[in-house]
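A.B. asks: The structure under discussion is supplied below as structure tokens; questions concerning it will follow.
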Amino acid sequence: MSILVMKFGGTSVATLDRIARAAKRVAVEVANGHNVIVIVSAMSGKTNELVGWVNETSPLYDAREYDAVVSSGENVTAGLMALRLQEMDVPARSWQGWQVPLKTNSAHSSARIEEIPPENILAKFDEGMKVAVVAGFQGISPEGRITTLGRGGSDTTAVAFAAAFEAVRCDIYTDVDGVYTTDPRICDKARKLDRIAFEEMLELASLGAKVLQTRSVELAMRYKVKLRVLSSFEEMSDDAGTLVCDEEDIMESNVVAGVAYSRDEAKMTLISVADRPGIAAAIFGPLAEAGVNVDMIVQNISEDGRTDMTFSCPVDQVARAEEAMRKAQDAGEISYHELISDKDVAKVSVVGIGMRSHAGVAAKMFDALSSEGVNIKVITTSEIKISVLIDRKYMELAVQALHDCFELEKAA
Ligand code: ADP
Ligand code: ASP
Ligand code: MG
């Protein structure tokens with residue numbers, strides 16, 4: 066049995082017409098001889114609306130009920146897709162996460178997939194069903210409650226199914242025709258890549274390029290899933306889109322593969338904390354316990370035994386971070402003079418495996434930003450990426466300047 070996974074994102078199932086269009090693609094793949102597992106997102110905008118309703122009802126919500134509500138958008142599109150396929154005489158059935166079952170841990174709102182037993186769906190394929198339409202983004206915890214996989218999680222559902230069913234390929238249908246050198250919505254010179262290495266895609270995703278959820282790329286890499294990103298609005302063809310693949314399968318590539326950004330960051334600085342062994346643990350322990358996702362960290366040189374500590378986190382976690390620091394101060398675990406929160410920053414990053422063997426990328430990046438008068442607030446680097454924190458108002462300018470300076474509009 067040749068199984069193909071096809072995932073349709075929110076814009077691809079946004080209306081009944083679009084669901085019908087997506088269903089036609091599925092029917093073509095069935096005619097090509099595949100058994101298809103279709104993963105659907107909620108209609109675009111739906112999940113945001115559901116999250117809004119939860120926040121309005123209960124600002125400090127119970128995460129189990131959050132998942133009960135926000136997972137529901139996918140139930141609708143899964144059922145509608147199955148019905149549309151049936152109307153086209155394609156034998157199809159919908160499955161919610163718990164019915165498969167897609168088993169996760171209990172980390173509500175950002176659960177991790179633990180197991181997808183394939184038996185139930187395979188048995189239906191054996192009986193002649195051609196398409197299993199599965200609601201993306203949702204699973205079931207060991208306690209038997211509905212979980213969700215974090216925003217953008219349907220990508221991860223798709224790749225996990227491709228791994229569990231040893232699919233021939235996992236096609237991610239979205240509203241752009243592939244992975245670009247940067248977000249084509251903010252840089253009109255962005256160039257579509259035919260191929261991108263797993264490592265690069267992983268960094269781009271984790272640094273903000275939302276075209277694929279980070280976890281989906283991790284899974285594809287680990288289980289060697291053939292992963293393709295393509296548009297649901299263009300003609301079907303075998304070489305459409307972007308293939309995410311091993312580094313060895315790419316003939317030539319630029320030193321910098323792409324530029325990513327993350328808009329909603331915050332920079333927090335603790336002024337004058339005691340510089341003593343254990344201080345970092347005393348600060349970041351309580352932040353972790355409060356569920357703050359700390360990203361960049363900088364500790365200044367100390368003077369008279371005191372130092373400033375700066376870190377970044379998502380802007381919607383600032384209140385939680387401030388509270389955690391205040392509590393730690395009140396409990397005598399840390400002492401600081403002031404906590405300054407800057408909520409108007411963004412992170413811009415350049416990514417490329419070529420950086421492993423090329424010096425000078427950082428210098429070139431900083432030069433390009435300074436030519437545009439963009440001040441850098443924090444810098445972090447790893448083997449294949451450099452990230453800077455800057456004022457949010459310069460974010461698009463910075464992305465475009467970096468795209469220009471590394472000449473990403475040209476292929477290697
Ligand atoms: P879906 O609803 O299909 O899951 P998403 O909105 O999650 O779609 O992801 C697709 C979007 O990702 C595109 O519309 C684009 O704006 C954005 N994006 C960000 N960076 C990139 C990139 N490097 N290449 C392609 N798209 C990108
Ligand atoms: N509907 C969910 C979201 O908007 C999951 C997804 O579309 O991938 O985050
Ligand atoms: Mg998405």
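If you want this note's numbering, it's the 1-based position in the sequence shown plus 65.
Note that beta-carbon positions come from the ideal geometry of N, C-alpha and C, so glycine has one too.
Remember, it's a predicted structure, so these values are computed and weren't measured experimentally.
Assuming Leu473 and Thr246 form a contact by the criterion Cβ under 8 Å, report the distance between their Cβ atoms to the nearest whole angstrom.
C.D. replies: As a first step, residue 473 must be located in the sequence shown, where it is residue number 408. As a first step, residue 246 must be located in the sequence shown, where it is residue number 181. That belief holds up - the Cβ atoms of Leu473 and Thr246 are roughly 4 Å apart, short of 8 Å.
A.B. asks: Rounded to a whole number of angstroms, what is the C-alpha to C-alpha distance between Lys72 and Val105?
C.D. replies: Counting from one through the sequence shown, the residue named residue 72 turns up at place 7. Counting from one through the sequence shown, the residue named residue 105 turns up at place 40. Approximately 6 Å, taken between the alpha carbons.
A.B. asks: Tell me the DSSP secondary structure of Ile251 in three-state form.
C.D. replies: Counting from one through the sequence shown, the residue named residue 251 turns up at place 186. Three-state result, Ile251: coil.
A.B. asks: Contact defined as beta carbons within less than 8 Å: I believe Val276 pairs with Leu284. What is the distance between those atoms, to the nearest angstrom?
C.D. replies: Position 211 of the sequence shown, counting from 1, holds the residue named residue 276. Position 219 of the sequence shown, counting from 1, holds the residue named residue 284. Contact doesn't hold; Cβ gap of about 16 Å is too wide.
A.B. asks: Output the residue ranges of the beta strand (DSSP E) runs that lie fully inside the region 238-304 and measure 3 residues or longer, sorted by chain position.
C.D. replies: Those beta strand (DSSP E) runs which fall completely within the region 238-304 and span 3+ residues are 260-262, 292-296.
A.B. asks: Would Val196 and Ile84 be called neighbours here (beta carbons separated by less than 9 Å)?
C.D. replies: Residue numbering aside, residue 196 sits at position 131 when the sequence shown is read from its first letter. Residue numbering aside, residue 84 sits at position 19 when the sequence shown is read from its first letter. Cβ distance not < 9 Å, so Val196 and Ile84 don't count as in contact.
A.B. asks: What are the start and end residues of the alpha helix (DSSP H) that includes Gln382?
C.D. replies: Position 317 of the sequence shown, counted from the first residue, corresponds to residue 382. No alpha helix (DSSP H) holds Gln382; DSSP gives it neither H nor E.
A.B. asks: Spatial neighbours of Glu179 within its chain, please: C-beta separation below 8 Å, excluding the five flanking residues on both sides.
C.D. replies: For this step, residue 179 is matched to residue 114 along the sequence shown. Counting only Cβ-Cβ distances below 8 Å, and skipping sequence neighbours, we find Lys168, Thr169, Asn170.
A.B. asks: Using 8 Å as the cut-off, classify the Cβ of Gln457 as near or not near the heavy atoms of the ligand ADP, replying yes or no.
C.D. replies: By one-based count along the sequence shown, residue 457 stands at place 392. The sequence given here places Arg at residue 457; Gln does not occur at that position. Arg457 Cβ: outside cutoff for every heavy atom of the ligand ADP.
A.B. asks: Taking Cβ to Cβ, would you say Ala331 is nearer than 9 Å to Ser377?
C.D. replies: To locate residue 331, count along the sequence shown from 1; it is residue 266. To locate residue 377, count along the sequence shown from 1; it is residue 312. Closer than 9 Å, so yes.
A.B. asks: On the three-state DSSP scale, how would you describe Arg371?
C.D. replies: Start at 1 with the first residue of the sequence shown, and residue 371 comes out as number 306. Three-state result, Arg371: strand.
A.B. asks: Output the residues surrounding the ligand ADP, defined as those with a CB atom closer than 5 Å to any ligand heavy atom, in chain order.
C.D. replies: After applying the 5 Å Cβ criterion, the set is Gly74, Gly75, Thr239, Asp240, Val241, Val244, Tyr245, Asp248, Arg250, Ala274, Lys275, Val276.
A.B. asks: In terms of residues, what are the limits of the alpha helix (DSSP H) holding Ile186?
C.D. replies: As a working mapping, residue 186 is identified with position 121 in the sequence shown. From DSSP, the alpha helix (DSSP H) with Ile186 extends over 184-191.
A.B. asks: Which word fits Pro342, buried or exposed, when buried means at least 16 other C-beta atoms lie within 10 angstroms of its C-beta?
C.D. replies: By 1-based counting over the sequence shown, the position of residue 342 is 277. Per the 10 Å Cβ criterion, exposed.
A.B. asks: For Phe73, name the three-state secondary structure that DSSP assigns.
C.D. replies: As a working note, residue 73 is residue 8 in the sequence shown. Reduced to three states, the DSSP call for Phe73 is strand.
A.B. asks: Arg328 to Ala188, Cα distance in whole Å?
C.D. replies: Position 263 of the sequence shown holds residue 328. Position 123 of the sequence shown holds residue 188. Near 45 Å, if we compare the C-alpha coordinates of Ala188 and Arg328.
A.B. asks: Give the secondary structure of Tyr326 by DSSP, where H, G and I count as helix, E and B as strand, and everything else as coil.
C.D. replies: Here residue 326 refers to the residue found at position 261 of the sequence shown. Residue state, collapsed to three classes: strand.
A.B. asks: Return yes when at least one heavy atom of the ligand ASP lies under 8 Å from the C-beta of Asp329, else no.
C.D. replies: What you label residue 329 is simply residue 264 of the sequence shown in a count that begins at 1. No, Cβ of Asp329 sits at least 8 Å from all heavy atoms of the ligand ASP.
A.B. asks: Can you name the start and end residues of the alpha helix (DSSP H) that Gly144 belongs to?
C.D. replies: Counting from one through the sequence shown, the residue named residue 144 turns up at place 79. Segment 137-152, the alpha helix (DSSP H) holding Gly144.
A.B. asks: Do you know how far the Cα of Asp360 is from the Cα of Ala157?
C.D. replies: Working through the sequence shown from its first residue, we reach residue 157 at position 92. Working through the sequence shown from its first residue, we reach residue 360 at position 295. Whole-angstrom Cα-Cα distance: 44 Å.
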